[in-house]
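**Q** Going from the sequence shown to our numbering is simple: count from 1 and add 71.
Backbone N, C-alpha and C fix where the C-beta goes; we use that ideal spot for every residue, glycine too.
Take this structure first; my questions come after.
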Amino acid sequence: MDHNSIETGTVVTGQKNKPLIGTQTLVICLAVISLAVTAVTVFRVSVGSLFFIAALLACPLMHILMMKGMSHKHD
Numbered sequence: 072m073d074h075n076s077i078e079t080g081t082v083v084t085g086q087k088n089k090p091l092i093g094t095q096t097l098v099i100c101l102a103v104i105s106l107a108v109t110a111v112t113v114f115r116v117s118v119g120s121l122f123f124i125a126a127l128l129a130c131p132l133m134h135i136l137m138m139k140g141m142s143h144k145h146d
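Dropping the structure here:
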């Protein structure tokens with residue numbers, strides 16, 4: 072394994088380097104983290120409530136993400 076790929080956060084896949092995470096995904100993750108911090112600090116939402124909401128939303132979101140690649144042919 073190339074040591075440069077470890078330092079830059081890329082994965083060597085065949086011919087070219089591919090980033091581990093896309094820019095759009097990174098922006099979404101940072102936005103969610105900033106919203107959670109804002110909810111806890113400014114609006115005094117309990118951390119337990121945030122975990123409950125996250126668990127409640129995780130099920131349908133994971134279902135959508137896992138089923139995205141599957142296609143059904145309807146006749």
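Report the rounded CA-to-CA distance for Ile124 versus Pro90, giving the unit in angstroms.
**A** Position 53 of the sequence shown, counted from the first residue, corresponds to residue 124. Position 19 of the sequence shown, counted from the first residue, corresponds to residue 90. Rounded to the nearest angstrom, the two C-alpha atoms are 30 Å apart.
**Q** So, under 8 Å CB-CB, Val118 and Val111 are touching, yes? Tell me the CB distance rounded to an integer number of Å.
**A** Within the sequence shown, residue 118 is the residue found at index 47, counting from 1. Within the sequence shown, residue 111 is the residue found at index 40, counting from 1. Indeed they touch by this definition, with Cβ atoms about 6 Å apart.
**Q** For the putative contact between Ala107 and Leu97, defined by C-beta atoms under 8 Å, what is the C-beta separation to the nearest angstrom?
**A** Here residue 107 corresponds to residue number 36 of the sequence shown, with the count starting at 1. Here residue 97 corresponds to residue number 26 of the sequence shown, with the count starting at 1. That belief does not hold up - the Cβ atoms of Ala107 and Leu97 are roughly 16 Å apart, past 8 Å.
**Q** Please report the distance separating the alpha-carbon of Gly140 from that of Met133.
**A** By one-based count along the sequence shown, residue 140 stands at place 69. By one-based count along the sequence shown, residue 133 stands at place 62. In a straight line, the C-alpha of Gly140 is about 12 Å away from that of Met133.
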